[in-house]
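Numbering (this note's numbering), first residue to last: 574 to 1099.
Think of the CB as a built atom: it goes at the ideal place given N, C-alpha and C, for glycine as much as any other residue.
Taking it in order: structure first as structure tokens, then the write-up.
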């Protein structure tokens, strides 16, 4: 990995109110098709961002950066419903983004949603419409996963130094804190405070008063209290801010003669007094502060001052690398067999004392079965194969809790654990496969995944087949079997006479056929 995302001197152009940072070395489209192109889209609570990059020899070269203020979080009402107006702003932005990723293959584009989509109860409606526009899946990631990716972006953008870093990222709906060393995050936290949500709560009409500011500041201090001790205990050598809010505050301080772009405690106090004198966000006119950032500026300042006071900071430097760069590097790792998700599952298996040999046997059999029926069952997308392999690895994690209902214990652990690298939906689908790997299959739970529900049931059938095949643990040689799928039926062909000689396996599969019948599947043995 390189120590930084290297970008050449950029030109800047505007299209329909959104800014494109364009590398002058960007190749013509005809040549670009030959590059290993990857893209990341960050569906933030305040802004949507996209980066397109060339990946070569383990390094990333940014070709394009796009960003647009959408303020998705501003459209969430008291019932946590995202309104149509904010959805449409986001979808209009994505239609423009889609032009640059049109034709990119599956796996080359990763799209992540953050706090606003975590909070919105009707997020699936927006996600479905977004996926139709972009042609790639949208993942909603947890706050701690967002923190991990932010740190990944920062650590690959700054010089590789041995000291510990505190990274803070003030987003539209949440603020992430990370302490890390070199490329490894040591602590990751996400708090429910952001410049858009606090603007809606404390500065909705744009008026800035000491009383309102004090309310926002106090609310932020109360949020930070929950993690103060843990942050101080780990300590850090330098503080880094990675969000547009912190960059904007640094620019305002520079314009006022307080530093060269960094944020300092003395400058924050001066800036607060300046805002009180202005009295209205519309009057904010610092050099470098775009008009569309004025409204959320006071809330961002209150949150940052609370961070400085709670953590006793004197200085914070800004870093351009953040979530979207982290998503790119995470994507690059997946392409180079350095997938953090594999490390996460290995750690989970070790923690819950999974029988590694049995897990490997089941995984091999499940994937062998998958490869035989993937085309018949419309499972060609590599995501489904990965998911089945993961489920085979961890299907027995619940045994460390208790044997009785261990599939339910395992499903709970997987759904509610902090699994680095996994989106919320990844965890939910993985947990469902573990829940459904034995006894009754909860068909209603699969139905919650809409059109993907039938594919998940098919994966579940393959997982159950592999587990039954290795019900008798051990290394004895097992026969090669052939599978054939047709709609809702699965046919398994054993060597002639083998089932008659292995009555326990035959009985297991007879019982399995009954379980599958309850969810509309037929299992036929030959």
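Legend entry - Residue environment, residue 1066, which counts as buried when at least 16 other CB atoms sit within 10 Å: Exposed, because fewer than 16 other Cβ atoms sit within 10 Å of the Cβ of residue 1066.
Inset, instruction - Find out if the Cβ-Cβ distance for the pair residue 1007, residue 984 is shorter than 8 Å. - result: Yes. Within cutoff.
Inset, instruction - Let me know if residue 683 comes out buried or exposed under the rule of 16 or more other beta-carbons within 10 Å of its beta-carbon. - result: Residue 683 counts as buried, since at least 16 other C-beta atoms from the protein chains shown sit within 10 angstroms of its C-beta.
Legend entry - Sequence-distant residues of the same chain with beta carbon closer than 8 Å to residue 922, five excluded per side: Cβ neighbours of residue 922 beyond the five flanking positions: 929, 932, 966, 967 and 970.
Inset, instruction - Could you tell me the boundaries of the alpha helix (DSSP H) in which residue 960 lies? - result: For residue 960, the enclosing alpha helix (DSSP H) stretches over residues 955-967.
Legend entry - Alpha-carbon to alpha-carbon, residue 647 and residue 689: The alpha-carbon atoms of residue 689 and residue 647 are separated by roughly 9 Å.
Inset, instruction - Along the alpha helix (DSSP H) that carries residue 916, what are the first and last residues, could you check? - result: Looking at the DSSP string, the run of the alpha helix (DSSP H) that includes residue 916 is 913-924.
Inset, instruction - Within its chain, find whatever has a CB closer than 7 Å to the CB of residue 982; leave out the 5 residues flanking it on each side and keep chain order. - result: Sequence-distant partners of residue 982 (beyond 5 residues in either direction) whose C-beta falls short of 7 Å from its own C-beta, in its chain, are 971, 974 and 975.
Legend entry - residue 749 beta carbon less than 8 Å from that of residue 705: At the C-beta level, residue 705 and residue 749 stay beyond 8 Å of one another.
Legend entry - Inter-residue spacing [alpha-carbon to alpha-carbon] between residue 584 and residue 638: Since pLDDT at residue 584 reaches only 35, below the 50 mark, its modelled position is unreliable, and no value is offered.
Legend entry - Through-space distance from residue 1051 to residue 610, alpha-carbon basis: Distance from the CA atom of residue 610 to the CA atom of residue 1051, rounded to whole angstroms, is 43 Å.
Inset, instruction - Check whether the Cβ atoms of residue 905 and residue 1080 lie closer than 8 Å to each other. - result: No, the pair does not count as a contact, with Cβ atoms beyond the cut-off.
Legend entry - Assigned exposure category for residue 780 - 16 Cβ within 10 Å defines buried: Flag for residue 780 reads exposed.
Inset, instruction - Give a yes or no on whether the C-beta atoms belonging to residue 753 and residue 687 are separated by under 8 Å. - result: Cβ distance not < 8 Å, so residue 753 and residue 687 don't count as in contact.
Inset, instruction - Within 10 angstroms of the Cβ of residue 1093, are there 16 or more other Cβ atoms? Answer buried if so, exposed if not. - result: That one is exposed.
Legend entry - Integer Cβ distance of residue 768 from residue 876, believed to fall under 8 Å: Rounded to the nearest angstrom, the Cβ distance from residue 768 to residue 876 is 7 Å, consistent with a contact under 8 Å.
Inset, instruction - Please confirm whether residue 1089 and residue 1034 have their CB atoms less than 8 Å apart. - result: The answer is yes: Cβ separation under 8 Å.
Inset, instruction - Look up residue 748 in the DSSP assignment and say whether it is helix, strand or coil. - result: If DSSP states are grouped into helix, strand and coil, residue 748 belongs with the strands.
Legend entry - Euclidean distance between Cα positions of residue 1039 and residue 700: Near 33 Å, if we compare the C-alpha coordinates of residue 700 and residue 1039.
Inset, instruction - Check whether the Cβ atoms of residue 883 and residue 738 lie closer than 8 Å to each other. - result: Not a contact, by the Cβ cut-off of 8 Å.
Inset, instruction - Have a look at 653, 668 and 645 and flag the residue whose alpha-carbon is nearest the alpha-carbon of residue 659. - result: Closest by alpha carbon: 645.
Inset, instruction - Assuming residue 622 contacts residue 894 (C-beta within less than 8 Å), just tell me the rounded distance between them. - result: Contact doesn't hold; Cβ gap of about 12 Å is too wide.
Legend entry - Pairwise C-alpha distance: residue 874 and residue 841: Computed Cα separation, rounded: 8 Å.
Legend entry - Selection from 741, 849, 693 and 912 that minimises the alpha carbon distance to residue 787: Of the candidates 741, 849, 693 and 912, the one whose C-alpha sits nearest the C-alpha of residue 787 is 849.
Legend entry - Contacts around residue 1018, its chain only, beta-carbon distance under 6 Å, and the 5 residues preceding and following it disregarded: Here the set comprises 1005.
Inset, instruction - Output the residue ranges of the alpha helix (DSSP H) runs that lie fully inside the region 697-735 and measure 4 residues or longer, sorted by chain position. - result: List check, alpha helix (DSSP H) in window: 716-728.
Legend entry - Reduced DSSP category for residue 754 - H, G, I as helix; E, B as strand; rest coil: Strand.
Legend entry - Residues near residue 980 by beta carbon distance below 8 Å, same chain, minus five either side: For residue 980, the CB contacts under 8 Å within the same chain, skipping 5 residues up- and downstream, are 968, 971, 1007, 1008, 1009, 1010, 1011 and 1012 in chain order.
Inset, instruction - Take residue 917 and list the residues in its own chain whose beta-carbon comes closer than 8 Å to its own, dropping the five residues that flank it on each side. - result: These residues qualify, in order along the chain: 992, 993, 994 and 995.
Inset, instruction - Assign residue 1002 to one of three DSSP states: helix, strand, or coil. - result: Helix at residue 1002.
Legend entry - residue 761 at chain D interface by Cβ criterion, 8 Å: Absent here is chain D; the protein component of the structure consists of one chain.
Legend entry - 6 Å CB neighbourhood of residue 950 in its chain, flanking five on each side removed: If you ignore the 5 residues before and after residue 950, its C-beta comes within less than 6 Å of the C-beta of 1031 and 1058, all in its own chain and listed in chain order.
Inset, instruction - List the whole-angstrom C-beta distance separating residue 618 from residue 642, where the pair is believed to meet the contact cut-off of C-beta under 8 Å. - result: About 11 Å separates the two Cβ atoms, so there is no contact after all.
Legend entry - One or two residues paired with residue 1057 in a DSSP bridge: Under the DSSP definition of a beta bridge, residue 1057 partners with 1064.
Inset, instruction - Could you name the residues of the same chain whose beta carbon sits closer than 8 Å to that of residue 1062, not counting the 5 residues immediately before and after it, in chain order? - result: Cβ within range, chain order: 1094, 1095, 1096 and 1097.
Inset, instruction - For residue 1092, name the three-state secondary structure that DSSP assigns. - result: Residue state, collapsed to three classes: coil.
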